[in-house]
Every structure is written in structure tokens, then in C-alpha cells.
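This report concerns only the one structure given below.
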Amino acid sequence: MTQLTPVLTRNWADDRAWTREAYEARGGYQALRKALDIAPDDLIDQVKDAGLRGRGGAGFPTGMKWSFIPQDNPKPKYLVVNADESEPGTCKDIPLMMASPHTLVEGVIISSLAIRAEQAFIYVRGEVLHVVRRLRAAVREAYEAGYLGDNVLGSGRRVDLVIHAGAGAYICGEETALLDSLEGRRGQPRLRPPFPAVEGLYACPTVINNVESIASVPSIIDEGVAWFTAMGTEKSKGYTIYSLSGHVRRPGQYEAPLGITLRELLDLGGGMREGSQLKFWTPGGSSTPILTAEHLDVPLDYEGVAAAGSMLGTKALQVFDQTTSVVRAVLRWTEFYKHESCGKCTPCREGTWWMTQILTRLDAGEGREGDIELLLDLCDNILGRSFCALGDGATSPITSAIQYFRSEFEAGLTTPSWELFPPDRSTLFGQEVMA
Amino acid sequence: MTVEAQPGVYWPPVELVTLTIDGVEVSVPKGTLVIRAAELIGVEIPRFCDHPLLEPVGACRQCLVDVPDAGNGRGFPKPQASCTLEVAAGMVVETQVTSKVAEKAQVGNLEFLLANHPLDCPVCDKGGECPLQNQAMSHGAAESRFTDHKRHFAKPVPVSEQVLLDRERCVLCQRCTRFSEEIAGDPFIELLERGAKQQIGIAEGEPFHSYFSGNTIQICPVGALTSADYRFRARPFDLVSTPSITEHDSSGAAIRVDHRRGKVMRILAGDDPTVNDEWISDKDRFAFAWSRQDDRLTTPLVRNPETGELEVMSWPGALAVAARGLSAANGVGVLPGGRLTLEDARAYASLARDVLGTNDIDYRARVHSAEEAQFLQHWVLDMAHVGYQGDLERAPVVAIAGLELEDEAATVFLQLRKRARAGGRIVAIASHLTRGLAKLGAELIATVPGQEAAAIAGLELNPDDVLLVGERLAGVPGAFTAALAQGARIGWIPRRAGDRTAAEGGCLPNHGGADGRDTNAILNAAAAGQLGALIVGGVEVNDLPDPATARYALDKAFVVSLEVRASEVTAHADVVFPVAPSVEKAGTYVGWDGNARSFPRVLDTSALPDARVLRGIAEELGNPPRAALAGGAPTTGPVRSNDEANHDFGAPQVEPAPMPVLKSGQVVLSTWKQLIDDGRCQDGQPEYRATARPAILKANATTLAAAGVEAGGIAVIGTSAGSASFPAVVDETMVDGVVWAPTNNGQNLGALGMCHGSTVSLTPGGPV
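Those protein sequences? They're chains B and H, same order as listed. According to our numbering, the first sequence holds residues 72 to 506 in order. According to our numbering, the second sequence holds residues 1069 to 1836 in order.
This is how it looks when you write it as C-alpha cells:
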């Protein structure tokens, strides 16, 4: 039985955990003091050796990303933290920044020293105002303590950090759209090449990392590479936060080594709710193809989930039981993508608009002959044809749901989902029964 | 002085890359995009957002191709947008011709594009010349599977008075927004909203008032952008198209004139990569109705001595009256004006010199000087100094003096902007940093109007650099002298198409070393009774340096007027001959670059070109017609014969004028004609006219305060001839003691005797 390994989450329950005082009482900012004595290239090597992979979904090795920054480029280098957490089901970065913003701030400072960036940004989605305030307060405290500023802890190194609140667009979680938005433009993905490592923010070399990736850096510096690599699996090292939600007894953040299974996590979360069996689940948010009860023992690391035909993604484990209509769930997700499609490219813009209408019919039991094949063909015309991964992600729930639950879609030709799966049975809270 | 073309300097050897497209090996220059490499083997990949003159964007996803080998032995797992993919050695590309994957991706994408498209082709302006329509037929499925609800928008939405937007038809390719930002520098339209609700729009209260807005209509691959002027007026397949040259400036920009049943319906940009790429100004595009206004002259008119009224007369009769009047006069002055074709210019010159025996001919109906005439003969008209439009694309430094390119030669402005974006340095001698100069990234050498000579002298240009000078410098003593002393390549860019054309055609008083009277002298002599007759072409009295004297001279002399429409000159004339506007005759314009560009006749009417009328007068005067008076035949080859150019003029040597001493309450005026203004060649297009920049007066805060004028209040500028008032706007790049106001936008400053460099009074006019 895999044990929980609280690192990022260990201080969340502390009294006023978000303050510098509380963070330092736990040994906070010791990693920064260590990092100041380490050559930048060695910092990059440590993160490389630790095998830390991007926690935002794609799993790209963080240290390798840092080493792509051309250090002979005379332009300024920038570190940008992607804190635009908006994927349905994903809820790890916002609690982290809410409970312990200094973990992220310390990670930003160390990472900036490594890539030799003197200016860093945290791009937070604007809707989470309380988190923005906590981050700004933490940055202020870090300046007061000399962790940030012209002369970080007297080292002569400069690191400045700006908290930027986005305006609420899912697309701005796409790193190049995030950069455009940060520059004050309309947030739409950029053409690559040039890649951000060469021409990113203001056409300068830029590293963009997820909140959790950067927040993991202090622990690697503090505890060492060996400590980190002792956790996890062969190619997916370390610990990570799994966000358990849905029809489970104790939803929440479960920090565990990579490779833990959903069966273990459900045990840790007290199992499914009373009288319920697992029907389907997402391993990493709505953009990752859904899995079913047959995948309960799939190791939740990058390779394991990929082998099962999905993606680890953001490790947002949304768990649905037998009361849930797959058609309805997929319709809700597709409506999300239709709403959040940025509009730049044709397949995503028009495809999500079109598929929402087909799914609405199927949900209402008014599906037509050929609708399922049409949905699959439209997904085929979007997947790999859209400008960025948003369009690809929009097809994942549809194709995977039809793969596992085709009969429910077929039922949509004759019977409304609310007759087959009355919403009041699947809802978690009695008062939210749909009219 | 000639500059030898050095092989390898301007055109470095091209590195070729060999790849395979649909099984055909093709070698193309490194950096070529796959979509264009495919064109070379005859494969047209469908596209919407792609445009060869705009930066790649990869938005529409129509041009997807399969790339089984990127040149490194590995293929792309997903189809690639061929409009953003650069070729690589050994790359293997499979387009819709050979790849089912590419074909399905393209068919699927077209189905997506048409899902929300209204399919109103039968009533759409673009129907018949629509890339969406064409590519849906050639690359799309026969039937759509979309049976649900289309998105709806209110339509059309005016993004300006001239440009209307149908958001339902829009495929969001962003060609219009990219053109406006990248080429015109006017990012006044932008994408708004997101997803299927994404749309093109403007900021509230900030219409799409770009001088180049019409180009977006032309490059729109669907019927989303239409012009208020042409909307629902014609179908493309009913139009007859004629390639032509713009008549509105000296750029020589290629245009295409589309007409139907004797009426010009629209003008489009032609394709001339060395002159205008595929862009023209809104003036070139929309200002074509002027020659069909109610005051169009259709028959000869002769003034009845008894009633004093102009009356209709037969051609033979009118020619006889004209010849009689000219013969009886003690001398004839010829003022051909600036709208001439080369053929007409030669006819005026021949009539003056060969038939009437006078050198008193000057086409310049604007500020002019002997220094300018000598500069033109010595430098501009010397074949050895013929420049190339390409000079602008290569010059390390381009300096501008006495010229506001965006207003006076808008197509050249775009060329120069291209140079500026490629890293060229632009330096401008001007009264302030105009919007146009700012868009060029120009360094401003702030100069009081009239003091440009000293500023030019301080430029320190190299022989490879280019100095562009405008016609306004004729009013600045020493300016052309200083320009020649720089030793750089000089481009003289007059405002009108017929300006350099007339100079080439021999319509300068010093042509071939002659010593004729210039425009001012001709009018003064006529006013003094020394010249009893005038032959006047396209001249607006208020354009002349001294309109009052001109009016007096026109009243006093026997005037033969050749005009398209009734004007102030025809009102004073004794004989009026109707002549053809450029769409009703063939001809040649000589551009600022010295290149002669001929154009055919568009409309087959009975209107005669000036040359044919002048031949009639010559015959009536009893002279056998000369070759130049034969008229009509388009010109090819060198525009001037060598014997005409043999005279050695030498460079002008004129001292600069001292700085005027300003009395309290006086300022120096900076002014020019804006691209869109009250010029009569823009009449009859109210939507176009409404997109003009507002008429305002600009000055810095110090200048306004010294005169007691409040920013936002009314400023009045005046001379003894009268005054004009404008809302005052602070522009801190203005030189102290200088104000700028448009010459002919709502109020005609020329009528008040005000021009570039005039000393005028500045007084407050109270609140707006």
C-alpha cells in the first residue's frame, strides 16, 4: 500500500500557513539560502537529475526546459509561472497558492537564479481574487525579508516578481497565449517556432512552468536529488498532488509518489460514497480521455496512464458512479470547450460549436441516426488539426466516452438522459437537484 | 552620375533547398513555405488566412498537408499547416493530391467553415470571385452534414462609413486585421470575443479610418467586408476589367478598373511588386465618381458677347472662335495644369512652341519657382538620374523633406513603411511628427516651414541613401540647391500623377533651355494686359499661389478652357472645350520614379483627349499638325528625345531665405493637402469623404498659450485675405511658433493665400 508523502501540502493545516513567519518556522527559505551558494548551471543539473517533470499536464522534463534557455543571448531572461488553473476538475495549484504561497515564491526565486532571470511573473487566473491577494502579500513579505529585490539576501543577484491577474480565459493556460495575455494582448496561442525558450515574453528567452513544478524545486534543493528520486517510478520521479473529486467519501488533495493507483487513492479517500460503484473517471482533468473501473490499478504516472490510452494530465481525478449519465457529463465538458475555444482556428471554433448541438440532442433523447458516427468523424477532423491542444482536448471526452459507453449514446436517440439517469441521484448535494 | 549595379551586392546568391511534393522533386529558395513550393509544381493547396504579403499565422487550418518526412527521416504525426511550414532539404510532402489524410483534413475543415456560413452567395458581392465559394467547390464535400442551428449576428455593421462588416460571412482568417497592423500600421480593427462568437470589430467610437481600409475588402476571402459604395451594385461576372494606372498621385500604382455598361463600378488594386505590391490607397480605390457629376461638360461652350453667358456651340464653330481669339491676342500663355497624360502634355507643349511660337507655358498650378524648374531640368528630367523604386527598399537611410507621404503619395508611403519595418532608417524634415511619420518610425528633424534648406544641408547623407523631396519645397528658397549638394539619390515626389508627366512632356517654361514665363509671370502678364489670351487645362484657381491675381487675369484675357467639369476657370472662359477624364482615354503617366506607364481607355465614349482638341485649334490656326499633336497613341520607350535633353542646365544655386521675423500674434503655417479632402477629383463619394481625418489645427502648448488659444477651443488663423478656424489640438512635437492645418479640408486655405511657410495671425475663436 503506497503511503502519502506530504511535501507541498504538509504545512497547509498550520496556523496562518500562508504567512512568512509560519513558512519559515517550517524551514522555509532554507533552500533559497542553499541555492545562492550553488552555480546556476548546477541548479539546473540538480533539477534535471531529480527527473522533475512538468506538473501542468504534458510532463516535459523541467530541468531540460531550463537548459534550452540560450545563456549567450544578451536579452533579459524571464521566468513565467502558469497559475491559470482552469481545467474542469483540476484544483491543485489554487489550494497550494492559497495555503502556502511562500512555497511557490521560494521556488520562483530559486528557479530564476537557475535560468538567470531577474524578472519573474506569476500569471494567476483573475477569478481567484483571494489567491491573488495571498500571493501579493507573500511577495511583499519576501521583499521585506530581502528574498526578492535588487540584492537577494545580500548575494548581489536580482530577482523581481510580479503577480499578474488574468481576465479569465481557459486559453490563457496555453503557454504562448498566456505570454500574449501577459504582454497585454489578446490571449491567443502563438505560432511556434520561435519557441518561448528563444523568443517568449517580449521576444526574450522565457521559461514557462506550472505552479506545482516550480513549487517542487525548493524541496529538491533542500532534501537532495536522491531523496526525490527515491519516490515515484522509473521515468516519473518524485511526489505529486492528486486531486480527488466526485462521488468519493473524502474528496481533496492527496500528495503521493507518482505511480500510486486510483484504487489506493480511493482507499485513502474512504472509498466511493455509500452504495455507489465506480463508473468512469478522468485521470487528469476533462481533456484526458476517461477511464473506467477496469483501470483502477493503472499506475498513475506519465507512462502508466498513457499505456491505458489516456494522459496523466493534471492528476485531477474526477470520479463518477453508476448514477451519472456519461452523455450529460460529456455535454457539460463540451459546452465548456465551446465557451472557452479562443476562436483562432477553424476546427476548434466551429467543431465545438457543432458538437455541442449534437450532444444536446443526444442528451435530450432527440439524437438522429448517424449522430454517433458524425461525432466521431468530427473529432477526427479536430484532433491534430487545430492550432493548439485545446481542440485536441475537446475531443478526448467524446471519443473515450463513446468507446466505453456507446450504448448510452445510442439510447440518446430515443430517451432523454434525465430519464435514464435522474440528476438528483448523481448530485452530491441534495439541494442542488436540477429542476 | 550613375551607380553601377554590383552583382552580388543587392541580389546575393540564393540558397536552394530540394524537397519532394506529391512525388515531384522541386528546388526552392531556403525559407520558402511549403504552400508556395507546392504552387511551383502546379498544386494549389486551398487556403484562407495565408497571404503572400502578410506574416504567416496558421489560423484557418485549411492548408493542412501530410509530411511523412520532415527532412530528418521522421514524419510529423499530425497534418501540418503548409502556410507556416518552411521547406527543408529532403522533406517529403503529400498534399490533397496524394494523401487521403490531407484530403480528409481539408474537406473536414471546409465543412467546419461552412457550418456557420450563411451560404447567401446569390446575393453576396463576393459571389463569383470568392475564394470560399471556389474552394468549397474544388476542395469541399458536395453536401454538408451540418443540420443544426447557425450562429446569427446583426448585419451589416459599419466599421467605418466606407467599410461594412457582415460577421456571419466572416471566416476569421484575420487577413484584414493583419493587413491593417502589418502593412498600413492602422490596427483599428481587431478580433473581439471568442469561440464561435469571435468577430472582427472596432473600439467604440473609433471607426476604421485608415487611408488603406479598402485593401481589406479586396483581400477578404469571403464577402464579409464590403464597401458601402459597391455593395449590391454588380456581380463580378458582369464586370469588364481593365488594368490601369492610378490618376490620383505620382506613385504609378497599378489598378484595375471594373466597369459595366459605360459606368465604372469599382477600382481594385493591381499587382505591381515594384510599385504597390497589391495595395492602393482609398483615394485610388474609391475616388472615381468625380467625372460623372452633374457639372460634367459634354459640348463646347462659347461666351455670347451680348448676354455674357456661355452657350452651346458646335465643335467647328467653337474651334473657329478659339482660333480667332488666340490670333487676335498680343500673346498667348499656356497653363496646362497637373492632370495631363504625357500625350496631352506634349500636345500642349507643341501647340505653345510650334504653333503659337511661345515658351510661355507652365503646367505648375501650385507654388513654384525658377529654382525648382532648374532642379527639375538639371536632375529629375536627366535620364542619367532615373531612379528605381527598388532604391527605397535598399537605401540605408531615407530622408524626407517637404513631403507628407501618407497624404501625398500613399502607395509610396507603404513602400517606405516596408523598408522601415525591415530596419531602414527614416529621417524626416517636418514641422512635427505626423501620424504617418510615426508609423515610419521616423526620426524628426523639427523644422520651421520655409527653413528646410538649412535642415537639408545638415543631413550628411551618403550616395547610397535616398532623399525624397516634395513639391512644397518650391516655396522654400535654397531647398533644392541644398538637396543636390547632399550627393544622395534624390526622389522628387510631386502630389499629382500629371506633374512629372507634364515636366517630361515639355510643359516647363525652361524646357530645352528656353526662357519662357512661368505660371506666376504668365498670370501677372495677363493681368497687366501683356498677354491677351490664355489656354488653360486642369487648373483650380485656389491651387494657384495668387488666386486673386489669377481671377483678375482670367477676367481680363481671352480664355480657352479645356476641362472635364465646369470649374472656376470655365466660368471665366470665353471658349470651353469638354475633354476626357483618364478613364475615357488611353494615355501615359510618368511616375515619380521616371517610369512611363501607359494605360488603355476604359470607357468607350465620345469624349476627346486634350491633345485632340489642341490639334483642332492648331488646324484652325492654319498650322499643319505636328507629330506631338497627333494625340492618342500610348507612349513606350524613353519619354524624352536626346536633343531635348542636350541643354546643360547646371545645378541651381539659390541662397536660403532668412527666418521670418514674427510679430506678436503671428505664427508660421505648416500645411498640405490631405489624402482625403475637398479636392474635386474626390467628388461624388460621400462615404469615402466621411472617412477623412478631422480638420484640426495642431500646435504645441506654448504656441497656443502665447496666442491665448485653449486646447480644445477654436483657433483662428488669418491673413489680410481672410481667416479660417479649426478646433485646436496640442501636439508637442510641433516646433515653437508653428501651427499646422489642412489646406483643403472643410476650408480652403489656398483661397486665403495661405500656403506652406506663410506667416499668419493666430487668435482664439472661443469655445467649440
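Glycine included, every Cβ here is placed at the ideal spot set by N, Cα and C.
Beta-carbon contacts of residue i that lie in its chain and below 6 Å, excluding the five residues immediately before and after
{"i": "H/V1160", "result": "T1088, P1136, D1137"}
{"i": "B/S183", "result": "L150, A191, V230"}
{"i": "B/A465", "result": "Y408, T423"}
{"i": "B/R456", "result": "P418"}
{"i": "H/A1719", "result": "H1446, L1552"}
9 Å Cβ cutoff, residue i in contact with chain H
{"i": "B/I473", "result": "no"}
{"i": "B/A84", "result": "no"}
{"i": "B/T405", "result": "no"}
{"i": "B/D451", "result": "yes"}
{"i": "B/F351", "result": "no"}
{"i": "B/E246", "result": "no"}
{"i": "B/F458", "result": "yes"}
{"i": "B/I242", "result": "yes"}
{"i": "B/R432", "result": "yes"}
{"i": "B/H318", "result": "no"}
{"i": "B/H410", "result": "yes"}
{"i": "B/T417", "result": "yes"}
{"i": "B/R196", "result": "no"}
{"i": "B/G414", "result": "yes"}
Residue i at chain B interface by Cβ criterion, 9 Å
{"i": "H/R1213", "result": "yes"}
{"i": "H/G1099", "result": "no"}
{"i": "H/T1152", "result": "yes"}
{"i": "H/E1472", "result": "no"}
{"i": "H/R1246", "result": "no"}
{"i": "H/L1200", "result": "no"}
{"i": "H/P1724", "result": "no"}
{"i": "H/M1069", "result": "Only weak support exists for where H/M1069 lies, its pLDDT of 37 falling under 50; the value from the coordinates is given anyway. Closer than 9 Å: no."}
Sequence-distant residues of its chain with Cβ nearer than 7 Å to residue i (five each side left out)
{"i": "H/N1592", "result": "T1617"}
{"i": "H/R1757", "result": "I1744, Q1750"}
{"i": "H/Q1519", "result": "M1727"}
{"i": "B/Q117", "result": "I291, I292, V296"}
Separation of residue j from residue i, as counted between CA atoms
{"i": "H/A1420", "j": "H/V1607", "result": "17 Å"}
{"i": "B/A209", "j": "B/V233", "result": "11 Å"}
{"i": "B/G330", "j": "H/K1098", "result": "47 Å"}
{"i": "H/L1101", "j": "H/D1118", "result": "10 Å"}
{"i": "B/G323", "j": "B/W83", "result": "12 Å"}
{"i": "B/V179", "j": "B/S157", "result": "21 Å"}
{"i": "H/Y1657", "j": "B/T427", "result": "59 Å"}
{"i": "H/W1808", "j": "H/D1459", "result": "31 Å"}
{"i": "B/I279", "j": "B/M135", "result": "12 Å"}
{"i": "H/A1522", "j": "H/A1550", "result": "8 Å"}
{"i": "H/R1301", "j": "H/S1295", "result": "10 Å"}
{"i": "B/H318", "j": "B/R344", "result": "6 Å"}
{"i": "H/D1450", "j": "H/L1622", "result": "34 Å"}
{"i": "H/H1640", "j": "H/S1793", "result": "29 Å"}
Cβ of residue i within 9 Å of any chain C Cβ
{"i": "B/S171", "result": "This model lacks chain C altogether, as its protein chains are B and H."}
Residues that DSSP places opposite residue i in a beta bridge
{"i": "H/A1601", "result": "H/V1400, H/F1626"}
{"i": "H/I1335", "result": "H/V1325"}
{"i": "B/T28", "result": "Absent from the model: residue 28 of chain B. The displayed extent of chain B is 72 to 506, so no value can be given."}
Same chain, Cβ closer than 8 Å to residue i, neighbours up to 5 away in sequence not counted
{"i": "B/R97", "result": "R81, N82, D85"}
Heavy atom of the ligand NAP within 8 Å of residue i beta-carbon
{"i": "H/K1653", "result": "Absent from the structure shown: the ligand NAP. Ligands present: none."}
- Per the contact definition of three or more C-beta pairs closer than 8 Å, is the stretch 1525–1534 of chain H in contact with the stretch 1551–1559 of chain H? yes
- Decide yes or no for the touch test of the stretch 1270–1277 of chain H against the stretch 1327–1334 of chain H: beta carbon pairs closer than 8 Å, at least 3 of them. no
- Message: For the stretch 1676–1689 of chain H against the stretch 1375–1393 of chain H, do three or more pairs of beta-carbon atoms, one drawn from each stretch, fall closer than 8 Å, so that the two count as touching?
- Response: yes
- Message: Using 8 Å as the cut-off, can you tell me whether the stretch 1490–1509 of chain H makes contact with the stretch 1578–1597 of chain H, which would need three or more C-beta pairs spanning the two stretches below that distance?
- Response: no
- Cβ contact (3+ pairs, closer than 8 Å) linking the stretch 1824–1832 of chain H and the stretch 1760–1775 of chain H: yes
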